[in-house]
Structure formats: structure tokens, C-alpha cells
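Before any comments, here is the structure.
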Amino acid sequence: MLESALEFKPVFPMYKKINSNYKWLPSEEDWIRATEVSKFLEVFNEATEVFSGRQYPTSNLFLKEIWRVKKKLNDMSFDTRDFVMRMTRRMNEKFEKYWRDCNLLMAIGAVLDPRYKMRLIIFCFPKIYGVDVFQRHIDDVREALDMLDKEYVSLEGQINVSASNITSTSSKLKRKRRADDDFDMWAEQHRDVIPANKTELDIYLEEGIYKPSDEAYDKFDALNWWKANILKFRYLSKMARDILSIPITTVASEAAFSAGGRVLDRYCSSLKPETVQALICTGDWLRHELGLEQSSNVDEEFMQWNTETGLN
Numbered sequence: 087m088l089e090s091a092l093e094f095k096p097v098f099p100m101y102k103k104i105n106s107n108y109k110w111l112p113s114e115e116d117w118i119r120a121t122e123v124s125k126f127l128e129v130f131n132e133a134t135e136v137f138s139g140r141q142y143p144t145s146n147l148f149l150k151e152i153w154r155v156k157k158k159l160n161d162m163s164f165d166t167r168d169f170v171m172r173m174t175r176r177m178n179e180k181f182e183k184y185w186r187d188c189n190l191l192m193a194i195g196a197v198l199d200p201r202y203k204m205r206l207i208i209f210c211f212p213k214i215y216g217v218d219v220f221q222r223h224i225d226d227v228r229e230a231l232d233m234l235d236k237e238y239v240s241l242e243g244q245i246n247v248s249a250s251n252i253t254s255t256s257s258k259l260k261r262k263r264r265a266d267d268d269f270d271m272w273a274e275q276h277r278d279v280i281p282a283n284k285t286e287l288d289i290y291l292e293e294g295i296y297k298p299s300d301e302a303y304d305k306f307d308a309l310n311w312w313k314a315n316i317l318k319f320r321y322l323s324k325m326a327r328d329i330l331s332i333p334i335t336t337v338a339s340e341a342a343f344s345a346g347g348r349v350l351d352r353y354c355s356s357l358k359p360e361t362v363q364a365l366i367c368t369g370d371w372l373r374h375e376l377g378l379e380q381s382s383n384v385d386e387e388f389m390q391w392n393t394e395t396g397l398n
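Per the working numbering, the sequence shown starts with residue 87, numbered consecutively.
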């Protein structure tokens with residue numbers, strides 16, 4: 087809104103001339119301040135666009151944007167312009183209040199992005215939490231990662247035990263094997279084995295970070311990367327799937343702050359919750375797959391149609 091107002095700077099004096107009741111004509115100093123504040127708020131606007139879009143951004147995108155906000159606040163807290171310095175210091179106090187504790191979901195999501203791994207944590211945490219306590223937060227993240235990794239390995243082991251029991255029973259009924267079954271068995275026995283003292287998490291973190299091309303960087307999909315590497319990281323890929331699929335916001339802010347009402351017709355109201363959830367999720371997936379966005383006016387249009395047709 088502020089950026090839009092700056093584009094209409096010449097209009098305000100003209101409006102003053104034709105409307106004698108207009109008493110709030112901004113001074114030149116006001117315009118200078120508005121320009122500086124608009125530049126300062128760009129990083130917040132960009133972060134909000136990442137967090138609040140209808141595409142439901144995943145948890146791996148959170149930490150980098152929070153770091154950019156914190157960096158901007160730190161830099162501007164020592165600005166030579168008094169009004170900027172006072173404003174940013176108050177904002178920094180709010181930031182410290184709400185981000186004093188480490189958000190493990192945010193951190194683990196960043197680690198499970200192959201472009202970042204632990205490097206983004208090590209880089210960002212001193213700037214977000216300060217040099218006195220950042221190492222403690224890094225240790226907490228690694229401890230939580232290890233606990234999650236062990237849990238997923240344990241769950242996978244239980245599934246494998248159940249599957250092996252079924253396989254052993256069914257194998258008694260199948261004496262004749264295809265020729266390529268022998269190769270499959272040999273390949274399984276001779277597949278790369280992770281050393282006993284290393285987990286998939288250790289291997290993943292020790293490998294270099296993934297570097298997509300400049301054109302593909304902003305469109306990189308971490309979930310697709312884990313899907314492509316599921317054979318290499320059998321347990322870790324499942325953990326990554328569960329963590330990264332958590333949206334940054336449970337409800338996209340664009341939808342949450344829409345002025346339109348949420349209208350359900352009699353047909354939708356009669357559906358079971360599971361069916362409604364399936365329809366909503368399927369619609370989101372298809373729109374994301376096709377690169378489509380739901381119209382922001384869909385609720386208002388539906389409400390108008392509902393009124394015109396006389397449906398309640």
C-alpha cells in the first residue's frame with residue numbers, strides 16, 4: 087500500500103486544490119520518510135509472500151526468510167536516521183520476544199533441504215539467536231534430528247519384520263522362480279551397505295549440498311528431490327516427506343484474511359468430512375501441478391451466484 091501511494095505523490099497536491107476539506111497533505115519530509123520505510127519493508131513483504139501464498143510453502147523455506155528479516159533489523163537498528171533506528175529497535179524487541187526459543191520444525195525443515203543441510207543452521211543461528219546461545223540451539227536441532235532418525239528406523243524395522251513373515255509364508259507356495267529373480271536377490275545382498283557406525287542421516291549430512299542451476303533454484307522442490315533419492319535414503323526420505331509436507335502456515339494467509347465469506351451449498355454441506363478434505367486436497371494438488379492459482383474472488387462470486395439463484 088505504501089509503495090502504491092508513493093507512485094501517486096503528484097496527485098495529493100492536486101487533490102488538495104480541488105478539495106478544501108483535505109487537511110492531511112504530506113510534507114516533503116513525510117515523503118522522504120515514506121520512501122525510506124518502503125525500502126526497509128521490502129524484505130518483510132518478500133517474506134510474507136513466501137509464507138502466505140496459496141501454494142502452501144513447505145517448512146524448508148521458513149528459516150532463510152526469518153534470517154533475512156533478522157539481518158535487516160540488525161542492520162537498520164544502527165541507522166543514522168533517528169526515526170528508522172527507533173522503529174527498527176522496537177521491531178527487534180518484538181522479534182526477540184517471539185523468536186527467543188528455537189523453532190525445531192523450522193530448523194529441521196531447513197536441514198532436510200539438500201541445498202542447505204546443517205550449513206544454513208550454522209550460518210543463520212548466530213545472527214538470529216546471538217553468539218552466546220546459538221551453539222546450544224544447534225545442538226538441540228542435531229539431537230532432535232537423531233531422535234527422529236532413530237524413530238523412523240525403528241518403525242521401518244517393524245514394518246520389515248511383518249513383511250518378512252508374509253514373504254516367508256508365501257514363498258512356500260512358490261517353488262519356481264523367474265530367471266531374473268536370482269539377479270534381484272544377488273543385487274539386494276550386494277547393495278551398498280551403510281557402515282554400522284553411520285546412519286542415513288550421517289551420510290546425508292556428510293555429502294555436499296545440492297546445487298541446482300540458477301534458473302531452477304527458486305523453483306526447486308525438496309519433496310521431489312527426496313522422492314528421486316528414496317532408494318538411497320530409505321528411512322530418511324520418509325522422515326523428510328513427513329516434515330517437509332507440513333505447510334509453513336496451516337491456512338494460507340491470503341485465504342485467512344479474504345474479505346469474502348466461506349460459502350458451502352447444500353451439496354457440500356451433506357458430504358462427510360473425509361470427502362470434503364479429499365476434494366480440497368485434490369484441488370490444491372491439481373492446481374499446484376498445473377501451475378494454477380485459485381481466484382481470490384471465488385468466494386464472492388459463489389456468494390453472488392448463491393443469492394441470485396435463491397439457494398440458502
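We put the beta carbon where it would ideally sit given N, CA and C, even for glycine.
Rank the options by C-alpha distance to the C-alpha of residue i and give the top, closest one.
| i | options | result |
| --- | --- | --- |
| Thr134 | Ala308, Leu147 and Met233 | Leu147 |
| Leu159 | Leu149, Val170 and Ala196 | Val170 |
| Lys150 | Glu182, Asp226, Tyr101 and Cys210 | Cys210 |
| Trp371 | Glu360, Ser331, Pro359 and Ser323 | Ser331 |
| Val129 | Val155, Pro112 and Asn315 | Val155 |
| Asp304 | Phe98, Pro143 and Ser90 | Pro143 |
| Ser90 | Glu114, Ile194, Glu115 and Ala120 | Ala120 |
| Phe306 | Asp288, Thr166, Pro112 and Asp199 | Asp199 |
| Leu88 | Asn107, Glu286 and Phe126 | Phe126 |
| Gly294 | Leu322, Met204 and Lys284 | Met204 |
| Ser299 | Trp185, Thr285, Gly216 and Arg201 | Arg201 |
| Val136 | Asp165, Arg186, Val123 and Ile152 | Ile152 |
| Arg186 | Asp161, Arg172, Lys95 and Arg222 | Arg222 |
| Lys157 | Arg320, Tyr215, Ser138 and Lys324 | Tyr215 |
| Pro96 | Glu114, Ser106 and Asp225 | Glu114 |
Look at the alpha carbon of residue i and the alpha carbon of residue j, and state the distance between them as a whole number of angstroms.
| i | j | result |
| --- | --- | --- |
| Ala363 | Gly377 | It is Gln, not Ala, that sits at residue 363 in the sequence shown. About 21 angstroms. |
| Ala302 | Ile104 | 52 angstroms |
| Met233 | Trp110 | 59 angstroms |
| Arg327 | Thr174 | 37 angstroms |
| Lys318 | Cys367 | 29 angstroms |
| Val417 | Ala308 | Residue 417 lies beyond the residue range present for the chain, which begins at 87 and ends at 398; the question has no answer from this structure. |
| Asn178 | Leu92 | 26 angstroms |
| Ile118 | Gly195 | 40 angstroms |
| Tyr296 | Pro112 | 50 angstroms |
| Leu365 | Asp116 | 50 angstroms |
| Lys102 | Arg167 | 29 angstroms |
| Glu122 | Trp311 | 40 angstroms |
| Glu229 | Tyr290 | 16 angstroms |
| Thr361 | Glu375 | 21 angstroms |
| Phe181 | Ser106 | 43 angstroms |
| Leu357 | Asn283 | 52 angstroms |
| Ala314 | Met325 | 14 angstroms |
| Met100 | Asp165 | 34 angstroms |
| Val217 | Cys188 | 14 angstroms |
| Gly369 | Arg172 | 46 angstroms |
| Arg176 | Asp161 | 13 angstroms |
| Phe94 | Tyr108 | 16 angstroms |
With DSSP collapsed to three states, give me the class of residue i.
| i | result |
| --- | --- |
| Ser257 | The predicted model places Ser257 with a pLDDT of 49, which falls under 50 and marks its position as unreliable; any figure quoted below should be read in that light. If DSSP states are grouped into helix, strand and coil, Ser257 belongs with the helices. |
| Pro333 | strand |
| Thr144 | strand |
| Phe126 | helix |
| Glu89 | helix |
| Glu293 | coil |
| Gly195 | helix |
| Pro298 | coil |
| Ile214 | helix |
| Asp304 | coil |
| Ser138 | helix |
| Asp226 | helix |
| Leu287 | helix |
| Cys367 | helix |
| Ser323 | helix |
| Tyr184 | helix |
| Tyr202 | coil |
| Val239 | helix |
| Leu317 | coil |
Who are the near neighbours of residue i in its chain, counting only those whose CB is closer than 7 angstroms to its CB and skipping five residues on each side?
| i | result |
| --- | --- |
| Ala193 | Leu149, Ile207 and Val227 |
| Ser145 | Leu191, Met192, Gly195, Ile329, Leu330, Ile332 and Ile334 |
| Phe98 | Leu111 and Pro112 |
| Lys236 | none |
| Ser124 | Leu88, Glu89 and Leu92 |
Kindly list the residues whose CB is nearer than 8 angstroms to the CB of residue i, restricted to its own chain and excluding five residues on each side of it in sequence; keep chain order.
| i | result |
| --- | --- |
| Pro212 | Phe220 |
| Trp391 | With a pLDDT of 44 at Trp391, under the threshold of 50, the predicted position of this residue should be treated as unreliable, and no value is reported. |
| Ser323 | Trp312, Lys313, Asn315 and Ile316 |
| Ser163 | Met171, Thr174, Arg175 and Asn178 |
So, for residue i: in the same chain, excluding its five sequence neighbours on each side, which residues have a beta-carbon less than 6 angstroms away from its beta-carbon?
| i | result |
| --- | --- |
| Tyr321 | Tyr238, Val239, Glu242 and Glu286 |
Runs of alpha helix (DSSP H) lying entirely within the segment 94-128, each at least 4 residues, in chain order: 97-104 and 114-126
Ordered list of beta strand (DSSP E) runs contained in the segment 145-179, each at least 3 residues: none
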